[in-house]
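**Student:**
Number of protein chains: 2
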Amino acid sequence: MYKLYHFPLSPFCRKVRLVMAEKKIEVELVEERYWEERADFLRLNPGGQVPVLRSDKITLSDSTSICEYLEEKRPEPALLPQGAERRAEVRRLNAWFDDKFYREVTLNLLGERVNKKIMGRGYPDSKNVKAGSSKIKFHIDYMGWLLDRRRWLAGDRMSLADFSAAAQLSCLDYISDVDWNRNELVKEWYAKIKSRPAFRSLLADQLPGFPQPPHYSDLDF
Amino acid sequence: MYKLYHFPLSPFCRKVRLVMAEKKIEVELVEERYWEERADFLRLNPGGQVPVLRSDKITLSDSTSICEYLEEKRPEPALLPQGAERRAEVRRLNAWFDDKFYREVTLNLLGERVNKKIMGRGYPDSKNVKAGSSKIKFHIDYMGWLLDRRRWLAGDRMSLADFSAAAQLSCLDYISDVDWNRNELVKEWYAKIKSRPAFRSLLADQLPGFPQPPHYSDLDF
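Those protein sequence lines, which keep their order, are chains A and B.
Position one of the first sequence corresponds to residue 1 (UniProt numbering), numbered consecutively onward.
Position one of the second sequence corresponds to residue 1 (UniProt numbering), numbered consecutively onward.
1. By Cβ distance below 7 Å, which residues in the same chain neighbour A/Pro11 in space, the five residues on each side in sequence not counted?
2. Should A/Ser164 and A/Asp98 be called a contact, given that it needs their Cβ atoms to be closer than 7 Å?
3. When burial is assigned at 16 or more other CB atoms within 10 Å of the CB, is A/Ala39 buried or exposed?
4. If you draw a straight line from the alpha carbon of B/Pro208 to that of B/Glu36, how long is it in whole angstroms?
5. For B/Glu31 and A/Ser55, what's the separation of their Cα atoms in angstroms?
6. Would you call the stretch 139 to 158 of chain B and the stretch 66 to 76 of chain B in contact, with 3 or more CB pairs under 8 Å?
7. Are the CB atoms of residue 223 of chain B and B/Leu202 nearer to each other than 7 Å?
8. I'd like to know whether the C-beta of B/Ala88 is nearer than 7 Å to at least one C-beta of chain A.
9. Kindly list the residues whose CB is nearer than 6 Å to the CB of B/Ala161, restricted to its own chain and excluding five residues on each side of it in sequence; keep chain order.
10. I need the DSSP call for B/Arg54, collapsed to helix, strand or coil.
11. Measuring straight from C-alpha to C-alpha, what distance separates B/Leu4 and A/Pro213?
12. Say whether chain A places a C-beta atom closer than 7 Å to the C-beta of B/Gly47.
13. Indicate whether A/Ser63 and A/Val16 have their beta-carbon atoms separated by less than 7 Å.
14. By the DSSP assignment, the alpha helix (DSSP H) with B/His139 in it spans what residues?
15. With the cut-off set at 7 Å, would you say B/Leu79 and B/Ser195 are in Cβ contact?
16. For B/Tyr102 and chain A, any beta-carbon pair shorter than 7 Å?
17. Counting contacts by CB-CB distance shorter than 7 Å, is A/Glu28 in contact with chain B?
18. Take the Cβ of B/Arg200 as the centre, count every other Cβ of all protein chains shown within 10 Å, and call the residue buried at 16 or more, exposed below.
19. Grouping DSSP H, G and I as helix and E and B as strand, with all else coil, what is B/Tyr5?
20. If we ignore side chains and look at the alpha-carbon of each, how far apart do A/Lys117 and B/Asn108 end up?
21. Note down, one range per segment and in chain order, each beta strand (DSSP E) of at least 3 residues found wholly within the stretch 77 to 124 of chain B.
22. So is A/Tyr190 buried or exposed if we call it buried at 16+ other beta carbons inside 10 Å?
23. Specify the secondary structure class of A/Ser10 as computed by DSSP and reduced to three states.
24. How many whole angstroms separate the CB atoms of A/Val52 and A/Ser61, which I take to be in contact at a CB cut-off of 8 Å?
25. Of all the options A/Leu110, A/Lys135 and A/Phe138, which has the alpha carbon lying nearest to the alpha carbon of A/Asp125?
26. For a test of your reading of the model: does the CB of B/Ser63 fall under 6 Å from any non-hydrogen atom of the ligand PLP? Yes or no.
27. When the Cα of A/Gln49 is compared with those of A/Met119, A/Tyr34 and A/Gln82, which residue comes out closest?
28. Here's a check: name, in chain order, each residue in its chain whose Cβ is nearer than 6 Å to the Cβ of A/Ser176, leaving out the five neighbours to either side.
29. Give every residue of the same chain whose Cβ lies closer than 7 Å to the Cβ of B/Arg157, excluding the five residues on either side of it in the sequence, and list them in chain order.
30. Under 7 Å between C-beta atoms, does A/Tyr69 make it to chain B?
31. Roughly how far, in whole angstroms, is the beta-carbon of A/Glu26 from the beta-carbon of A/Ala198, given that I think they are within contact range, below 8 Å?
32. State the Cα-Cα distance for the pair B/Pro75 and B/His6, rounded to the nearest angstrom.
See the structure below:
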């Protein structure tokens with residue numbers, strides 16, 4: 001059985017958890033306070049980040065390599081479509097959320113409001129929080145633009161791109177930082193993905209000191 | 001024929017250029033001053049970053065999706081190995097250099113010394129330069145550790161991971177920010193990859209205002 005070293009409000013861990021649940025791959029979750037730089041953990045991943053996926057045979061890190069690995073080992077249901085062009089679009093958007101959305105939005109909001117406190121690294125910097133609150137609007141509008149042209153973010157079928165996006169947004173939703181009224185299509189898309197069985201484990205997450213807001217696990221938010 | 005919108009000292013563009021040259025895929029290079037946010041360019045990539053790869057049929061962005069696409073369309077020579085575990089290791093290291101090395105080292109050195117000047121964004125911040133100069137040592141040591149166990153960074157065959165690493169290091173070598181005497185194995189590895197025909201176009205790059213140092217294009221540096 002797989003073991004996933006994770007942290008509940010890490011969007012990259014959530015992406016892997018969603019992919020594993022969607023593919024019905026059993027996994028034991030092990031919470032890792034990665035910022036404490038435990039020596040045994042650094043031996044698993046010298047990069048010092050979660051997620052790390054382990055089994056008897058493998059130790060993998062980096063959420064995208066893990067998801068590509070899982071896609072190769074358990075191709076059904078497919079989270080990368082047929083056709084090199086379509087796969088490139090899924091991977092582009094996966095990188096968009098992992099990199100651009102994460103740095104412009106998640107780090108500025110979740111990083112400031114939650115991670116700093118948990119890690120004992122001081123108080124939120126209001127300049128960063130403001131930047132994140134402003135940038136999330138652009139990203140929601142872009143998602144709306146995509147969803148006006150496609151059923152799912154990267155095409156007509158649900159893909160890894162949807163899970164990357166939902167992983168980021170679900171962390172921000174936990175701290176009530178998503179304005180779901182900004183775009184009806186984005187809200188509908190999130191309602192669809194949130195109601196999947198794969199999402200249940202995320203909706204049960206609890207972070208000590210940061211109680212879940214009532215709408216967070218409500219499928220009819 | 002493909003067109004690549006690029007900037008000479010962008011490590012992500014260099015990675016794609018190396019991959020295309022290694023696979024002998026013809027490409028026309030179009031220099032894009034992406035920070036000027038040209039409207040026509042933003043239509044190609046709303047993320048506003050280079051590289052962007054175009055043909056009659058496709059417009060792709062994000063260097064990793066582009067490289068995965070090229071690997072699928074032109075599998076020979078293979079830059080991802082056989083076997084899901086080995087591919088995961090290549091992808092982990094590709095992400096290591098694109099993300100961790102880039103943010104800890106390249107942004108702090110090239111970003112401060114070169115990009116700020118070209119983009120008219122002020123003077124180098126010496127705190128960041130110092131952080132980059134310190135972090136590059138850790139990365140070179142880690143590469144040395146890998147190369148002590150393997151012929152190439154991710155295994156016994158050259159792969160995308162080697163090109164990701166060489167793309168970052170070659171940009172820093174252009175501004176003489178790599179201490180090649182720190183680790184003999186890393187120096188040997190770079191000499192091997194630098195002498196490949198695929199590397200030639202990178203060694204011919206010239207950036208106005210930043211003359212090439214003599215060792216940069218010397219295969220016997």
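No residue lacks a Cβ here, since even glycine has one placed at the ideal position from N, Cα and C.
**Tutor:** Looking at the coordinates:
1. Translated into the one-based positions of the first sequence, residue 11 of chain A becomes position 11. Tyr102, Thr106, Ala167, Gln168 and Cys171.
2. Residue mapping note: residue 164 of chain A aligns to position 164 of the first sequence, counting from 1. Residue mapping note: residue 98 of chain A aligns to position 98 of the first sequence, counting from 1. Closer than 7 Å, so yes.
3. Residue mapping note: residue 39 of chain A aligns to position 39 of the first sequence, counting from 1. Exposed.
4. Sequence index remark: in the second sequence, residue 208 of chain B carries index 208 (1-based). Sequence index remark: in the second sequence, residue 36 of chain B carries index 36 (1-based). Using only the alpha carbons, I get a separation of about 17 Å.
5. Position 31 of the second sequence, counted from the start, is the residue given in the question as residue 31 of chain B. Position 55 of the first sequence, counted from the start, is the residue given in the question as residue 55 of chain A. Their backbone Cα atoms lie some 46 Å apart in a straight line.
6. no
7. Here chain B comprises residues numbered 1 to 221, so residue 223 of chain B is not present and cannot be evaluated.
8. Residue mapping note: residue 88 of chain B aligns to position 88 of the second sequence, counting from 1. True, the Cβ-Cβ gap to chain A drops below 7 Å.
9. Within the second sequence, numbered from 1, the residue matching residue 161 of chain B stands at position 161. So the qualifying residues of the chain are Val90, Leu93, Asn94, Leu153 and Ala154.
10. In the second sequence, the residue the question calls residue 54 of chain B occupies position 54. Strand, per DSSP.
11. Mapped onto the second sequence, residue 4 of chain B falls at position 4. Mapped onto the first sequence, residue 213 of chain A falls at position 213. Answer to the nearest angstrom: the Cα atoms are 47 Å apart.
12. Your numbering for residue 47 of chain B matches position 47 in the second sequence. For B/Gly47, the answer is yes, since a Cβ of chain A falls inside 7 Å of its Cβ.
13. If you number the first sequence from 1, residue 63 of chain A lands on position 63. If you number the first sequence from 1, residue 16 of chain A lands on position 16. Yes.
14. Against the second sequence, residue 139 of chain B aligns to sequence position 139. Ser126 to Leu147 is the extent of the alpha helix (DSSP H) around B/His139.
15. Counting from one through the second sequence, the residue named residue 79 of chain B turns up at place 79. Counting from one through the second sequence, the residue named residue 195 of chain B turns up at place 195. Not in contact: B/Leu79 and B/Ser195 (Cβ atoms no closer than 7 Å).
16. If you number the second sequence from 1, residue 102 of chain B lands on position 102. Taking Cβ atoms only, chain A never reaches closer than 7 Å to B/Tyr102, which makes this a no.
17. Residue numbering aside, residue 28 of chain A sits at position 28 when the first sequence is read from its first letter. Answer no: the Cβ-Cβ gap between A/Glu28 and chain B never drops below 7 Å.
18. Residue numbering aside, residue 200 of chain B sits at position 200 when the second sequence is read from its first letter. When all chains shown are included, B/Arg200 counts as exposed.
19. Position 5 of the second sequence, counting from 1, holds the residue named residue 5 of chain B. B/Tyr5 falls in the strand class under three-state DSSP.
20. On the first sequence, position 117 is the one that residue 117 of chain A refers to. On the second sequence, position 108 is the one that residue 108 of chain B refers to. Rounded to whole angstroms, A/Lys117 to B/Asn108 spans 26 Å at the Cα level.
21. none
22. Residue 190 of chain A sits at position 190 when you count from the first residue of the first sequence. Buried, because 16 or more other Cβ atoms sit within 10 Å of the Cβ of A/Tyr190.
23. As a working mapping, residue 10 of chain A is identified with position 10 in the first sequence. Residue state, collapsed to three classes: coil.
24. Taking the first sequence and counting its residues from 1, one reaches residue 52 of chain A at position 52. Taking the first sequence and counting its residues from 1, one reaches residue 61 of chain A at position 61. Right, the Cβ-Cβ distance comes to about 5 Å (below 8 Å), so this counts as a contact.
25. By 1-based counting over the first sequence, the position of residue 125 of chain A is 125. Among A/Leu110, A/Lys135 and A/Phe138, the Cα nearest to that of A/Asp125 belongs to A/Leu110.
26. Among the components of this structure there are no ligands whatsoever, and the ligand PLP is therefore not found.
27. By 1-based counting over the first sequence, the position of residue 49 of chain A is 49. When each option's Cα is compared against that of A/Gln49, the closest is A/Tyr34.
28. As a working mapping, residue 176 of chain A is identified with position 176 in the first sequence. Here the set comprises Pro213.
29. Within the second sequence, numbered from 1, the residue matching residue 157 of chain B stands at position 157. Only Pro81 meet the Cβ criterion.
30. Here the question's residue 69 of chain A lines up with position 69 in the first sequence. It does: the Cβ of A/Tyr69 has a partner Cβ on chain B nearer than 7 Å.
31. If you number the first sequence from 1, residue 26 of chain A lands on position 26. If you number the first sequence from 1, residue 198 of chain A lands on position 198. Incorrect: roughly 13 Å between the Cβ atoms, too far for contact.
32. Residue 75 of chain B sits at position 75 when you count from the first residue of the second sequence. Residue 6 of chain B sits at position 6 when you count from the first residue of the second sequence. Cα-Cα distance, rounded: 23 Å.
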